[in-house]
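Asker:
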Ligand SMILES: Cc1cc2nc3c(=O)[nH]c(=O)nc-3n(C[C@H](O)[C@H](O)[C@H](O)COP(=O)(O)OP(=O)(O)OC[C@H]3O[C@@H](n4cnc5c(N)ncnc54)[C@H](O)[C@@H]3O)c2cc1C
Ligand code: SF4
Ligand code: SF4
Ligand code: SF4
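Below, the structure written as structure tokens:
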């Protein structure tokens, strides 16, 4: 999933100064799972901003709500009246959600309440790790399911840089050298020869990337 | 219409499920934990017309089922019932009044717990009840069986009086079957009859010497004499044969009547003994000697009087049909006990001979045969039966259950309606807790009420057990694990983030392959941790839902005039009503809100309090030794640090929020509180007010 | 003899290294180069060594050619994507640069601009492939070149890997580099000759010349620092002791280096002396090592 991290309240307070009537809008998929965008966080932030506004004699109201995902126009449709009734929306969703909001409501200011970090997973409670860079050309079959593009600091595709000490990456001192991990995993699978495969040069995606699936049935077609 | 209600195990906590009248023990235990004693009593009393009786002598199947029992020891549910029922608040209880008169007359034969409960419920339904009792006194075995040191006569009198106050008539000294035939009752205008004559005939020992030798008595008649103050003749050395309550009571009564030595002879081992564990302990404690795995062989007489009891040792064989291991004599292990009195207490059967011509009896045991077990209807139209008379000697609460059930049956019968049939999943045993859960649950010793010292006891028939003090009762009630009233997930809101799965200290939430979360209601202990960690507020706790907290906070702030301090106090601390009232008096600005652990307070609750205008918020948590979940408190500090940070950014000052550790005794440490109140005074009022 | 010719002749090679500094001042670097000019076969010019922003490798390599010194132009994949890398190589060729050492490069976080966006579009192996492709007259996209370079591509290998996995991976990568066109290898500094010998045994069969790395040990502190922080470098304790015990550090340092060079003569096809500012001492090292 997309991993996001809440912005500090200082930053949010700065951002929302003089924002007028505000809607604090949660996003209950990835963002909520990261403890950054669920109803619970919405309640906290909304209450905090209400207090902040009161403190500075700002009479404007703070509303709150959540949708399943802010990156879908269909879900946003449910809050369109609320958005219309506000000047600004503080979105607790990832960058995709914030931008979908901005697209759907071009006349409203949409502010981000979280920092979008990466695609990853929760490794333990309160800790998430980057797993995939969305490079657009997956090579995990050759690397025993461990992504060097993402997890090697240099994204090397042909083996390690030689800088690891004691199996630890020379760059991220708290991470193992991912190539050594790949080595051990391949060895376990009796597939070490995969490391000798023809050198790779990656075809990087063109940003902003787009996926068009020609194989899907067109809507309405029979 | 199908009136069948099927009661599933899941619907009730184990304690309630085990109770024949489905008393909601969890509810009243909880009320006691919250010091809501009057409500605790009401919760009991609405189902049970004899709460003070049951609080003393009930065999409490609830405790046997209690989940706490798997952790260390069950909750003292019965003792808590007595506490709730004995307290002065019980007087404030508004008893239900009889319903609108139906004009129907109902006869109840026998004034034991079955008859009394039936009379009570029938009266409430508007029927005119007359109790026919053969003896001059009311109460059945409660009066003539159970000795006063366990159930004082005045308590019983008071309990019976509340029932009679409903307009129930009583005709004592009437032996139905002899003085009046059952069928004759209809001629007297009774439209229905409930036969609850109990089981008053002691089973014969079936050994040589039993009938001819003087000094062999039946326990029931012996205890009847004792309980009616007739001071029966007593031996110096007495052997009581049997292992039930009757045996123990007979033995303990003889001891109080100044026997020198009292023995109990029981054929199986202690484990199989049907008498209540605590009673057995008390008996031994009082000096009664117990011979386990021993069967009487013969009563030996001298000059026509008992001189010894010849016994033989047993060993336990294979389990029989009832699952109990049957005793087998060990050849050559005969021995004799020197005694001059033998009391036979090996079980009672109903004395139903007088009714045999009108009612069908069971082949064995002379019990009244039920034609329709579900309605307790006998073979004679309009005549119902229940209690020991039907089951053979059982327990008071089962008799009460029969009385309550028959009230509904008779009511339906009189109204010519079909009776509701409630089928109930018989749960023999409470599910077993996984060992990991047992390990992780903090152990808290069961509280015991103080008993009378032995020499005081043996002087007479004074009640042995005292009632819990308020503090002890609360402490005991706090041990409850809140079975089945914990977390539930709204599948509509849940986003399968698995946080609940990760944070639950007992592993109650589990996920399906498709990501749905199921919280095992049996495992859940309602700690509320998951509810706070759920990012989308999909979880709520049956015990004190979150909505209630929100309302309390608003109310607390709005009610205060000067300084408004919202104080969250942990129920689990050790404090009394005095502590609360003195805090209120000394600091009128503090509005206390009681919570089950600070772990139930969320960041947004605290922020909401400030938003509503609170000048400060304090949280006082119980000392960690009393915290049921070791890992639960740290989250509080983190959450509050987060709230403090917001207050700082807002310029409200994080010092307005503070967490206190509750002292050993009381709500909050004086010194720290004073300091805190000074800080608040220095900071001035919340500008948001 | 050009570096390529020397390499092919099988003679024992000596290379050295210079690292351009921050700013446009190249005077003393040129002076250092001049001192060793006649004693070495080629001089490596580092490419923003340790990810610290400095004067570029291409420009200084060019200055060396002007002086009649043959440069080995070091090129990393850290800062340029494949467009820039290819373009820079063509530029280098027209500026007279013939030898390229292809490296992955340190991560920007190691240097003085830690938040620079790392590029690593190509790594050492694909860089070598690309050089080969240019040599064959095409760019990476397969377009034909007008005017074709003839670079001598080299690569590095770290013989002192600290665990089996790391060593296996190094050797596998070395093979890949050879396959991708590497014609010689320069190694990380060697202090533990026995370990190096073991490594050489394992790669003998590759039949590609290896130039053993020698870093002048300037002090005991430096030795300890390298042991702790530089992957694959292990200065044995007796050497450290020698450095602590000595009064004349420079003399000792030269003595140790010469000793290592002497032993390497029998093990590989050359030495790569990294003097780290002490370029002046290189002639002495070579003298003492009888070269
Ligand atoms: C010594 C002893 C100790 C016990 N201790 C406990 C205990 O600790 N906890 C517990 O739960 N249970 C205990 N029990 C069992 C419990 O008392 C009985 O299960 C319960 O009282 C049965 O209630 P009942 O209403 O069916 O019958 P009973 O209580 O036996 O009442 C029957 C009544 O009917 C009257 N009667 C009989 N025949 C006629 C007739 N023909 N006409 C009119 N009236 C008649 C009797 O006089 C009696 O008053 C004990 C029993 C005994 C004997
Ligand atoms: S722990 Fe509480 S709810 Fe559970 S069985 Fe015991 S008394 Fe009932
Ligand atoms: S309330 Fe506590 S015990 Fe129950 S599921 Fe939630 S975390 Fe587990
Ligand atoms: S914490 Fe809430 S949203 Fe997450 S899985 Fe549990 S119930 Fe569902």
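Protein chains in written order, with my numbering: chain A, 74 to 295; chain B, 121 to 809; chain C, 292 to 582. Beta carbons are placed, not taken as given, at the ideal position from N, Cα and C, and that holds for glycine.
Could you give the DSSP three-state label for residue 127 of chain A: helix, strand or coil?
Answerer: Residue state, collapsed to three classes: helix.
Asker: Mapping DSSP to helix, strand and coil, what is residue 585 of chain B?
Answerer: In the structure shown, residue 585 of chain B sits in a strand (DSSP, three-state: E or B).
Asker: Please name the residue in B:630, B:764, B:527, B:606 whose C-alpha comes closest to that of residue 617 of chain B.
Answerer: The candidate whose alpha carbon is nearest that of residue 617 of chain B is B:630.
Asker: Quick check: the segment 381-400 of chain B against the segment 445-455 of chain B, are there 3 or more CB pairs under 8 angstroms?
Answerer: Yes: at least three Cβ pairs fall under 8 angstroms.
Asker: Let me check understanding here. Comparing Cα to Cα, which of B:356, B:489, B:725 lies closest to residue 378 of chain B?
Answerer: Nearest of B:356, B:489, B:725 to residue 378 of chain B, Cα basis: B:356.
Asker: Which bits of chain A does residue 615 of chain B rub up against, with CB to CB less than 7 angstroms?
Answerer: In chain order: 101, 102, 105, 106.
Asker: Please list the partners that residue 409 of chain C has in chain A, where partner means a Cβ-to-Cβ separation under 7 angstroms.
Answerer: Those within 7 angstroms of residue 409 of chain C in chain A are 227.
Asker: Locate the beta strand (DSSP E) running through residue 384 of chain C, then write down its first and last residues.
Answerer: Here residue 384 of chain C belongs to no beta strand (DSSP E); instead the alpha helix (DSSP H) covers 373-385.
Asker: In whole angstroms, what separates the C-alpha of residue 205 of chain A from that of residue 212 of chain A?
Answerer: Taking the straight line joining both Cα atoms gives about 11 angstroms.
Asker: Exposed or buried, residue 412 of chain C, counting other C-beta atoms within 10 Å across all chains shown (16 or more means buried)?
Answerer: With 16 or more Cβ atoms within 10 Å of its Cβ, residue 412 of chain C is classed as buried.
Asker: Considering only the beta carbon of each residue, do residue 709 of chain B and residue 676 of chain B sit closer than 8 angstroms?
Answerer: The answer is no: Cβ separation not under 8 angstroms.
Asker: If we count Cβ pairs, one from each stretch, closer than 8 angstroms, do we get three or more for the segment 527-541 of chain B versus the segment 147-165 of chain B?
Answerer: They do not touch, by the three-pair rule.
Asker: In chain A, which residues lie with their C-beta within 7 angstroms of the C-beta of residue 728 of chain B?
Answerer: In chain order: 120.
Asker: Verify the CB distance criterion: does residue 463 of chain C have a CB-CB separation below 8 angstroms to chain D?
Answerer: Structure shown: chain D not included; protein chains present are A, B and C.
Asker: Whole angstroms is fine: what's the gap from residue 303 of chain C's alpha carbon to residue 359 of chain C's?
Answerer: Rounded to whole angstroms, residue 303 of chain C to residue 359 of chain C spans 20 angstroms at the Cα level.
Asker: Quick one: give me the first and last residue of the beta strand (DSSP E) that residue 438 of chain B is part of.
Answerer: First-last of the beta strand (DSSP E) with residue 438 of chain B: 425-439.
Asker: Considering only C-alpha positions, which residue in the set C:352, C:460, C:410, C:396 is nearest to residue 385 of chain C?
Answerer: Cα-wise, what sits closest to residue 385 of chain C is C:352.
Asker: What does a CB cutoff of less than 6 angstroms around residue 147 of chain B pick up in its chain, not counting 5 residues either side in sequence?
Answerer: 163.
Asker: Return no unless some Cβ of chain A is closer than 8 angstroms to the Cβ of residue 766 of chain B.
Answerer: Taking Cβ atoms only, chain A reaches closer than 8 angstroms to residue 766 of chain B, which makes this a yes.
Asker: Is the closest heavy atom of ligand 4 to the C-beta of residue 241 of chain A under 7 angstroms?
Answerer: Result no, Cβ not under 7 angstroms from ligand 4.
Asker: From B:472, B:151, B:263, pick the residue whose C-alpha is nearest to that of residue 348 of chain B; which is it?
Answerer: Out of B:472, B:151, B:263, B:263 has the C-alpha closest to the C-alpha of residue 348 of chain B.
Asker: When the cut-off is 8 angstroms and only beta carbons count, does residue 86 of chain A lie next to chain B?
Answerer: With 8 angstroms as the cut-off, residue 86 of chain A counts as an interface residue toward chain B.
Asker: In chain order, what residues of the segment 231-245 of chain A put their CB closer than 7 angstroms to some CB of chain C?
Answerer: Those residues of the segment 231-245 of chain A that come within reach of chain C (Cβ to Cβ, closer than 7 angstroms) are 231, 232, 233, 234, 235, 236, 237, 238, 239, 240, 243, 244.
Asker: Closest Cβ-Cβ distance between residue 771 of chain B and chain A: below 8 angstroms?
Answerer: So yes, residue 771 of chain B belongs to the interface.
Asker: Please list the segments of the alpha helix (DSSP H) lying wholly inside the segment 770-808 of chain B, counting only runs of 4 or more residues, in order along the chain.
Answerer: Qualifying alpha helix (DSSP H) stretches, in chain order: 790-803.
Asker: Against chain A, with Cβ distances strictly below 8 angstroms, would residue 665 of chain B count as a contact?
Answerer: No, residue 665 of chain B does not count as interfacial toward chain A.
Asker: Quick one: list the residues of chain C neighbouring residue 253 of chain A, beta-carbon separation under 9 angstroms, in chain order.
Answerer: Near residue 253 of chain A (Cβ distances below 9 angstroms), the residues of chain C are 454, 456, 457, 460.
Asker: I'd like to check one pair, residue 237 of chain A with residue 480 of chain C: are the Cβ atoms closer than 8 angstroms?
Answerer: No, the Cβ-Cβ distance between residue 480 of chain C and residue 237 of chain A is not below 8 angstroms.
Asker: Using CA coordinates, which residue listed in B:365, B:368, B:334 is at the minimum distance from residue 354 of chain B?
Answerer: Among B:365, B:368, B:334, the Cα nearest to that of residue 354 of chain B belongs to B:334.
Asker: Can you list, in chain order, the residues of its chain whose CB lies under 7 angstroms from that of residue 109 of chain A, leaving out five sequence neighbours each side?
Answerer: For residue 109 of chain A, where only same-chain residues beyond five positions count, the Cβ hits under 7 angstroms are 77, 78, 79, 165, 187.
Asker: Can a CB atom of chain A be found closer than 8 angstroms to the CB of residue 808 of chain B?
Answerer: Closer than 8 angstroms to some Cβ of chain A, the Cβ of residue 808 of chain B qualifies, so yes.
Asker: By a C-beta neighbour count over all protein chains shown, 10 Å radius and 16 as the cutoff for buried, is residue 405 of chain B buried or exposed?
Answerer: Looking at its Cβ environment, which holds fewer than 16 other Cβ atoms inside 10 Å, residue 405 of chain B is exposed.
Asker: Distance check for residue 361 of chain B and residue 304 of chain B, CA to CA, integer angstroms please.
Answerer: Going by the C-alpha atoms only, they are around 40 angstroms apart.
Asker: Please confirm whether any heavy atom of ligand 1 lies closer than 7 angstroms to the CB of residue 163 of chain B.
Answerer: No - ligand 1 has no heavy atom lying nearer than 7 angstroms to the Cβ of residue 163 of chain B.
Asker: Under three-state DSSP, which class holds residue 528 of chain C?
Answerer: Note: residue 528 of chain C maps to helix in three-state DSSP.
Asker: Considering only the beta carbon of each residue, do residue 450 of chain C and residue 487 of chain C sit closer than 8 angstroms?
Answerer: Yes.
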